[in-house]
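Notes for the one structure printed next.
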Amino acid sequence: MRASKGDKFVQHGRVVGQHDKIGEIVEVMGQEGNPPFRVRFEDGHEGICSPGPDTEIRHKETRSS
């Protein structure tokens, strides 16, 4: 799973009623966009994350002018 700085890292809740945990990728630590990623979550917490089967990467939009 590849990502770039600025992409959203979404970890889906694993049980009913658990909310998704959403963060922004602030650093790609692997080569060529591969994990691990340094992620800053909405509550300000930062962590080193590798995506699992319950994780989605939402790529930032690229606009051409």
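111 is the number of the first residue of the sequence shown in the working numbering; add one for each residue after it.
All C-beta atoms, glycine included, are put in the ideal place defined by N, C-alpha and C.
(Q) Once the 5 residues before and after cysteine 159 are set aside, which same chain residues still bring their CB inside 6 Å of it? (A) Phe147 and Val149
Q. In chain order, what residues of the same chain lie with their CB nearer than 7 Å to the CB of asparagine 144, ignoring the 5 residues before and after it?
A. Arg112
Q: Indicate the three-state DSSP secondary structure (helix, strand or coil) for glutamate 152 in the structure shown.
A: coil
Q: Find out if the Cβ-Cβ distance for the pair phenylalanine 89, proline 161 is shorter than 9 Å.
A: Residue 89 is absent from the structure shown; the chain starts at 111 and stops at 175.
Q: Buried or exposed for glycine 123, please, with buried defined as at least 16 other CB atoms from any protein chain shown within 10 angstroms of its CB.
A: exposed
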